[in-house]
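A quick write-up on the structure given underneath.
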Amino acid sequence: MSFQDLEAGRPLGSRQNLNNGKQDATQAVASGIFQINTAVSTFQRLVNTLGTPKDTPELREKLHKTRIHIGQLVKDTSAKLKQASESDHRAEVSASKKVTDAKLAKDFQAVLKEFQKAQRLAAERETAYTPFVPQAVPPSSYAAGEVDTRSDESAEQRGLLVQSRRQEVLLLDNEIAFNEAIIEERDQGIQEIQQQIGEVNEIFKDLAVLVHEQGTMIDDIGTHIENSRAATVQAKSHLVKAAKTQRSNSSLVNIYSSVLIFINYTQSCARHLFATGDICNCDSDRDHSTGSLINKLIQCD
(Lines of atoms letter the chains of each structure in order from A and count residues from 1; the text may use other names and numbers.)
(Lines give C-alpha, C1' and ligand atoms only; values in the text may rest on other atoms or scores of the structure.)
Protein backbone atom coordinates (compact mmCIF):
# COMPACT_ATOMS: atom_id res chain seq x y z
CA MET A 1 0.00 0.00 0.00
CA SER A 2 1.33 3.43 -0.93
CA PHE A 3 0.53 6.95 0.19
CA GLN A 4 -1.78 7.38 -2.82
CA ASP A 5 -3.95 4.56 -1.47
CA LEU A 6 -4.43 6.43 1.80
CA GLU A 7 -5.04 9.71 0.01
CA ALA A 8 -7.70 8.02 -2.13
CA GLY A 9 -9.47 6.86 1.02
CA ARG A 10 -8.56 3.20 0.75
CA PRO A 11 -8.34 1.30 4.08
CA LEU A 12 -5.03 0.42 5.60
CA GLY A 13 -5.76 -3.29 5.39
CA SER A 14 -5.78 -5.97 8.03
CA ARG A 15 -2.11 -6.88 8.12
CA GLN A 16 -0.95 -6.30 11.68
CA ASN A 17 2.17 -7.00 13.67
CA LEU A 18 1.66 -9.80 16.12
CA ASN A 19 3.23 -7.75 18.92
CA ASN A 20 0.35 -6.06 20.77
CA GLY A 21 -1.59 -5.75 17.51
CA LYS A 22 0.41 -2.71 16.38
CA GLN A 23 0.77 -1.60 12.77
CA ASP A 24 3.79 -2.93 10.96
CA ALA A 25 6.45 -0.48 9.79
CA THR A 26 5.10 -0.21 6.23
CA GLN A 27 1.61 0.72 7.39
CA ALA A 28 3.04 3.19 9.91
CA VAL A 29 5.03 4.89 7.15
CA ALA A 30 1.96 5.17 4.90
CA SER A 31 -0.07 6.65 7.77
CA GLY A 32 2.74 9.06 8.69
CA ILE A 33 3.09 10.35 5.14
CA PHE A 34 -0.65 10.93 4.97
CA GLN A 35 -0.57 12.96 8.20
CA ILE A 36 2.47 14.95 7.06
CA ASN A 37 0.82 15.79 3.75
CA THR A 38 -2.31 17.05 5.54
CA ALA A 39 -0.27 19.12 8.02
CA VAL A 40 1.91 20.60 5.26
CA SER A 41 -1.22 21.79 3.42
CA THR A 42 -2.31 23.59 6.61
CA PHE A 43 1.19 25.01 7.08
CA GLN A 44 1.23 26.38 3.52
CA ARG A 45 -2.09 28.18 4.07
CA LEU A 46 -0.74 29.79 7.24
CA VAL A 47 2.48 30.84 5.49
CA ASN A 48 0.47 32.51 2.73
CA THR A 49 -1.26 34.62 5.42
CA LEU A 50 2.02 36.14 6.65
CA GLY A 51 2.28 39.84 5.79
CA THR A 52 -1.48 40.31 5.50
CA PRO A 53 -3.87 41.99 8.00
CA LYS A 54 -4.60 38.50 9.30
CA ASP A 55 -0.96 38.11 10.32
CA THR A 56 -1.43 38.30 14.09
CA PRO A 57 0.55 36.94 17.05
CA GLU A 58 -2.08 34.22 17.34
CA LEU A 59 -1.44 33.15 13.74
CA ARG A 60 2.32 33.11 14.34
CA GLU A 61 1.76 30.87 17.36
CA LYS A 62 -0.41 28.51 15.31
CA LEU A 63 2.24 28.48 12.58
CA HIS A 64 4.88 27.63 15.16
CA LYS A 65 2.87 24.74 16.61
CA THR A 66 2.10 23.35 13.15
CA ARG A 67 5.77 23.49 12.22
CA ILE A 68 6.79 21.63 15.38
CA HIS A 69 4.08 19.03 14.77
CA ILE A 70 5.29 18.39 11.22
CA GLY A 71 8.88 18.12 12.39
CA GLN A 72 7.96 15.40 14.88
CA LEU A 73 5.94 13.52 12.26
CA VAL A 74 8.89 13.67 9.87
CA LYS A 75 11.26 12.22 12.47
CA ASP A 76 8.86 9.41 13.42
CA THR A 77 8.08 8.51 9.81
CA SER A 78 11.75 8.55 8.86
CA ALA A 79 12.54 6.10 11.67
CA LYS A 80 9.70 3.79 10.60
CA LEU A 81 10.83 3.92 6.97
CA LYS A 82 14.36 2.90 7.96
CA GLN A 83 12.91 0.03 9.96
CA ALA A 84 10.82 -1.13 7.01
CA SER A 85 13.76 -0.83 4.60
CA GLU A 86 16.08 -2.82 6.85
CA SER A 87 13.57 -5.66 6.95
CA ASP A 88 13.46 -5.68 3.13
CA HIS A 89 16.99 -7.11 3.04
CA ARG A 90 15.79 -10.37 4.56
CA ALA A 91 15.36 -13.25 2.13
CA GLU A 92 11.84 -14.14 3.25
CA VAL A 93 10.44 -10.67 2.47
CA SER A 94 8.21 -10.67 -0.62
CA ALA A 95 8.99 -8.62 -3.70
CA SER A 96 5.63 -6.83 -3.42
CA LYS A 97 6.55 -5.45 0.04
CA LYS A 98 9.89 -4.21 -1.28
CA VAL A 99 8.15 -2.43 -4.13
CA THR A 100 5.59 -0.92 -1.72
CA ASP A 101 8.32 0.39 0.61
CA ALA A 102 10.18 1.89 -2.35
CA LYS A 103 7.03 3.73 -3.47
CA LEU A 104 6.46 5.02 0.07
CA ALA A 105 10.04 6.31 0.22
CA LYS A 106 9.47 8.31 -2.96
CA ASP A 107 6.16 9.63 -1.62
CA PHE A 108 7.93 10.68 1.60
CA GLN A 109 10.63 12.38 -0.43
CA ALA A 110 8.02 14.34 -2.42
CA VAL A 111 6.13 15.60 0.64
CA LEU A 112 9.41 16.62 2.31
CA LYS A 113 10.24 18.74 -0.73
CA GLU A 114 6.94 20.57 -0.34
CA PHE A 115 7.61 21.13 3.36
CA GLN A 116 11.10 22.47 2.63
CA LYS A 117 9.68 24.99 0.16
CA ALA A 118 7.08 26.13 2.71
CA GLN A 119 9.76 26.42 5.41
CA ARG A 120 11.95 28.68 3.29
CA LEU A 121 8.99 30.87 2.36
CA ALA A 122 7.98 31.11 6.03
CA ALA A 123 11.49 32.19 7.02
CA GLU A 124 11.50 34.91 4.35
CA ARG A 125 8.09 36.29 5.29
CA GLU A 126 8.59 36.15 9.04
CA THR A 127 11.81 38.11 8.56
CA ALA A 128 10.20 40.70 6.30
CA TYR A 129 6.95 41.23 8.23
CA THR A 130 5.91 41.73 11.83
CA PRO A 131 2.53 40.57 13.06
CA PHE A 132 -0.30 43.06 13.05
CA VAL A 133 -1.09 44.37 16.56
CA PRO A 134 -4.13 46.63 17.17
CA GLN A 135 -3.03 50.04 18.45
CA ALA A 136 -4.03 51.09 21.95
CA VAL A 137 -6.74 53.75 22.08
CA PRO A 138 -5.57 56.91 23.87
CA PRO A 139 -7.76 58.54 26.49
CA SER A 140 -10.88 60.16 25.07
CA SER A 141 -9.82 63.62 26.20
CA TYR A 142 -6.83 63.36 23.85
CA ALA A 143 -8.49 61.70 20.93
CA ALA A 144 -8.34 64.90 18.90
CA GLY A 145 -4.87 65.80 20.12
CA GLU A 146 -6.06 68.94 21.76
CA VAL A 147 -5.60 70.15 25.33
CA ASP A 148 -7.84 72.62 27.06
CA THR A 149 -5.50 75.34 28.36
CA ARG A 150 -8.03 77.86 29.45
CA SER A 151 -6.74 80.10 32.17
CA ASP A 152 -9.75 79.57 34.37
CA GLU A 153 -9.39 75.73 34.58
CA SER A 154 -9.34 74.41 38.06
CA ALA A 155 -6.58 72.51 39.80
CA GLU A 156 -8.71 69.38 39.60
CA GLN A 157 -8.79 69.59 35.83
CA ARG A 158 -5.03 70.03 35.69
CA GLY A 159 -4.63 66.96 37.85
CA LEU A 160 -6.80 64.92 35.50
CA LEU A 161 -4.70 66.17 32.60
CA VAL A 162 -1.46 65.06 34.23
CA GLN A 163 -2.95 61.66 35.06
CA SER A 164 -4.14 61.20 31.49
CA ARG A 165 -0.68 62.03 30.16
CA ARG A 166 0.87 59.52 32.49
CA GLN A 167 -1.53 56.86 31.27
CA GLU A 168 -0.68 57.71 27.69
CA VAL A 169 3.04 57.40 28.37
CA LEU A 170 2.46 54.13 30.18
CA LEU A 171 0.46 52.77 27.25
CA LEU A 172 3.22 53.85 24.88
CA ASP A 173 5.86 52.16 27.03
CA ASN A 174 3.77 49.01 27.15
CA GLU A 175 3.35 49.10 23.38
CA ILE A 176 7.09 49.50 22.88
CA ALA A 177 7.80 46.64 25.26
CA PHE A 178 5.19 44.52 23.51
CA ASN A 179 6.66 45.27 20.10
CA GLU A 180 10.12 44.41 21.37
CA ALA A 181 8.77 41.13 22.70
CA ILE A 182 7.13 40.46 19.35
CA ILE A 183 10.40 41.15 17.54
CA GLU A 184 12.31 38.92 19.94
CA GLU A 185 9.75 36.17 19.49
CA ARG A 186 9.94 36.59 15.74
CA ASP A 187 13.73 36.29 15.79
CA GLN A 188 13.46 33.20 17.95
CA GLY A 189 10.91 31.74 15.55
CA ILE A 190 13.21 32.41 12.60
CA GLN A 191 16.05 30.64 14.40
CA GLU A 192 13.79 27.68 15.05
CA ILE A 193 12.83 27.60 11.38
CA GLN A 194 16.48 27.62 10.33
CA GLN A 195 17.25 24.82 12.78
CA GLN A 196 14.32 22.75 11.57
CA ILE A 197 15.30 23.36 7.95
CA GLY A 198 18.72 21.92 8.78
CA GLU A 199 17.17 18.87 10.44
CA VAL A 200 14.84 18.23 7.52
CA ASN A 201 17.76 18.61 5.09
CA GLU A 202 19.66 15.89 6.96
CA ILE A 203 16.63 13.61 6.87
CA PHE A 204 16.24 14.38 3.16
CA LYS A 205 19.87 13.40 2.49
CA ASP A 206 19.43 10.10 4.32
CA LEU A 207 16.20 9.55 2.44
CA ALA A 208 17.93 10.15 -0.90
CA VAL A 209 20.45 7.41 -0.08
CA LEU A 210 17.63 5.10 0.98
CA VAL A 211 15.67 5.75 -2.22
CA HIS A 212 18.79 5.00 -4.27
CA GLU A 213 19.35 1.71 -2.44
CA GLN A 214 15.73 0.72 -2.84
CA GLY A 215 15.85 1.67 -6.51
CA THR A 216 18.77 -0.71 -6.98
CA MET A 217 16.83 -3.40 -5.14
CA ILE A 218 13.77 -2.83 -7.33
CA ASP A 219 15.96 -2.96 -10.45
CA ASP A 220 17.29 -6.34 -9.28
CA ILE A 221 13.74 -7.56 -8.75
CA GLY A 222 12.81 -6.33 -12.22
CA THR A 223 15.84 -8.09 -13.70
CA HIS A 224 14.85 -11.35 -12.02
CA ILE A 225 11.31 -10.96 -13.31
CA GLU A 226 12.54 -10.34 -16.85
CA ASN A 227 14.91 -13.30 -16.63
CA SER A 228 12.10 -15.51 -15.36
CA ARG A 229 9.85 -14.28 -18.14
CA ALA A 230 12.51 -15.01 -20.77
CA ALA A 231 13.12 -18.45 -19.28
CA THR A 232 9.40 -19.14 -19.38
CA VAL A 233 9.17 -18.15 -23.04
CA GLN A 234 12.17 -20.32 -23.87
CA ALA A 235 10.70 -23.25 -21.96
CA LYS A 236 7.42 -22.90 -23.86
CA SER A 237 9.34 -22.90 -27.14
CA HIS A 238 11.14 -26.10 -26.15
CA LEU A 239 7.84 -27.69 -25.17
CA VAL A 240 6.31 -26.83 -28.56
CA LYS A 241 9.31 -28.30 -30.38
CA ALA A 242 9.20 -31.40 -28.21
CA ALA A 243 5.49 -31.82 -28.90
CA LYS A 244 6.07 -31.53 -32.65
CA THR A 245 8.95 -34.04 -32.47
CA GLN A 246 6.81 -36.38 -30.44
CA ARG A 247 4.00 -36.20 -32.99
CA SER A 248 6.49 -36.87 -35.82
CA ASN A 249 8.00 -39.80 -33.96
CA SER A 250 4.53 -41.08 -33.23
CA SER A 251 3.71 -41.09 -36.97
CA LEU A 252 6.90 -43.03 -37.75
CA VAL A 253 6.07 -45.51 -35.03
CA ASN A 254 2.63 -46.02 -36.54
CA ILE A 255 4.15 -46.68 -39.98
CA TYR A 256 6.73 -49.06 -38.55
CA SER A 257 4.01 -50.84 -36.62
CA SER A 258 1.87 -51.25 -39.75
CA VAL A 259 4.82 -52.67 -41.71
CA LEU A 260 5.63 -55.10 -38.93
CA ILE A 261 1.99 -56.21 -38.72
CA PHE A 262 1.91 -56.79 -42.49
CA ILE A 263 5.18 -58.73 -42.40
CA ASN A 264 3.95 -60.89 -39.56
CA TYR A 265 0.68 -61.42 -41.38
CA THR A 266 2.36 -62.52 -44.63
CA GLN A 267 4.71 -64.83 -42.79
CA SER A 268 1.75 -66.44 -41.07
CA CYS A 269 -0.07 -66.96 -44.36
CA ALA A 270 3.04 -68.38 -46.01
CA ARG A 271 3.45 -70.91 -43.25
CA HIS A 272 -0.20 -71.82 -43.68
CA LEU A 273 0.18 -72.37 -47.45
CA PHE A 274 3.27 -74.50 -47.05
CA ALA A 275 1.58 -76.50 -44.38
CA THR A 276 -1.50 -77.22 -46.52
CA GLY A 277 0.49 -77.84 -49.70
CA ASP A 278 -1.48 -75.31 -51.73
CA ILE A 279 1.64 -73.55 -52.80
CA CYS A 280 2.97 -76.74 -54.40
CA ASN A 281 -0.13 -77.42 -56.53
CA CYS A 282 1.06 -75.18 -59.33
CA ASP A 283 0.92 -76.66 -62.86
CA SER A 284 3.91 -74.85 -64.21
CA ASP A 285 6.85 -72.69 -63.23
CA ARG A 286 4.76 -69.60 -63.84
CA ASP A 287 2.59 -70.54 -60.94
CA HIS A 288 5.61 -70.12 -58.63
CA SER A 289 6.03 -66.47 -59.65
CA THR A 290 5.84 -63.67 -57.13
CA GLY A 291 2.42 -62.58 -58.35
CA SER A 292 1.03 -66.09 -57.94
CA LEU A 293 2.51 -66.34 -54.46
CA ILE A 294 1.05 -63.01 -53.40
CA ASN A 295 -2.35 -63.99 -54.77
CA LYS A 296 -2.28 -67.13 -52.71
CA LEU A 297 -1.20 -65.19 -49.65
CA ILE A 298 -4.05 -62.76 -50.13
CA GLN A 299 -6.49 -65.65 -50.44
CA CYS A 300 -5.16 -67.09 -47.22
CA ASP A 301 -7.31 -66.31 -44.27
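The numbering of the sequence shown is full-length UniProt numbering, which starts it at 1 and goes up by one. By construction, the Cβ of each residue, glycine as well, lies at the ideal position given by its N, Cα and C atoms. None of these values were measured; they are calculated from a predicted model.
Asked, Found
"Roughly how many whole angstroms lie between the Cα atoms of Glu185 and Phe43?", "19 Å"
"Could you tell me how far apart the beta carbons of Ala122 and Leu63 are, in whole angstroms, since I believe they sit closer than 8 Å?", "7 Å"
"Going by other Cβ atoms of all chains shown within 10 Å of its Cβ, with 16 needed for buried, is Ala102 buried or exposed?", "buried"
"CA-CA distance, Glu199 and Glu92?", "34 Å"
"Relative to the ligand MN, is the shortest distance from any of its heavy atoms to the C-beta of Gln83 smaller than 7 Å?", "Questions concerning the ligand MN fall outside what the structure shown contains, since it holds no ligand whatsoever."
"Near Ser151, which residues of its chain fall below 7 Å by C-beta distance, leaving aside the five closest residues on each side in sequence?", "Because the pLDDT at Ser151 is just 49, under 50, the model does not fix this residue reliably, and the point stays unresolved."
"Since Leu81 and Leu104 should fall inside the 8 Å C-beta cutoff, what is the C-beta to C-beta distance between them, to a whole number of angstroms?", "7 Å"
"How many Å lie between Gly40 and Glu168 at the Cα?", "Contrary to the premise, residue 40 reads as Val rather than Gly in this sequence. Distance between the alpha carbons of Val40 and Glu168: 43 Å."
"Taking the alpha carbon of Val47 as the point to measure from, which residue in Gln83, Asn201, Thr100, Glu114 has its own alpha carbon closest?", "Glu114"
"Evaluate Thr52 with the Cβ neighbour count: other Cβ atoms within 10 Å of its Cβ, from every protein chain shown; 16 or more gives buried, anything less gives exposed.", "exposed"
"Counting C-beta neighbours from all protein chains within 10 Å, is the total for Leu172 16 or more, i.e. buried, or is it exposed?", "exposed"
"Within 10 angstroms of the Cβ of Ser154, are there 16 or more other Cβ atoms? Answer buried if so, exposed if not.", "exposed"
"What's the call for Leu170, buried or exposed, on a 16-neighbour Cβ count within 10 Å?", "exposed"
"Find the nearest neighbour of Val111 within the set Ile193, Ala30, Leu50, judged by alpha-carbon distance.", "Ala30"
"Leu112 lies in the alpha helix (DSSP H); which residues open and close that run?", "95 to 128"
"Terminal residues of the continuous alpha helix (DSSP H) containing Pro131?", "From DSSP, Pro131 is part of no alpha helix (DSSP H); its letter is neither H nor E."
"From Arg158, Tyr129, Asp88, Arg166, pick the residue whose C-alpha is nearest to that of Lys54; which is it?", "Tyr129"
"Using the C-alpha atoms, what's the distance from Arg45 back to Thr77?", "23 Å"
"With DSSP as the reference, label Arg90 as helix, strand or coil.", "coil"
"Can you give the beta carbon distance from Ile193 to Gln119, rounded, assuming they're within the 8 Å contact cut?", "6 Å"
"Determine the DSSP secondary structure at Pro53, reduced to helix, strand or coil.", "coil"
"Please confirm whether Gln109 and Ala25 have their CB atoms less than 8 Å apart.", "no"
"Measuring only the C-alpha atoms, how far is Arg125 from Glu180?", "18 Å"
"Output yes or no for whether 8 Å exceeds the beta carbon distance between Ile70 and Ile33.", "no"
"Are the Cβ atoms of Gln214 and Ser85 separated by less than 8 Å?", "yes"
"Tell me the rounded alpha-carbon separation between Leu50 and Val133.", "13 Å"
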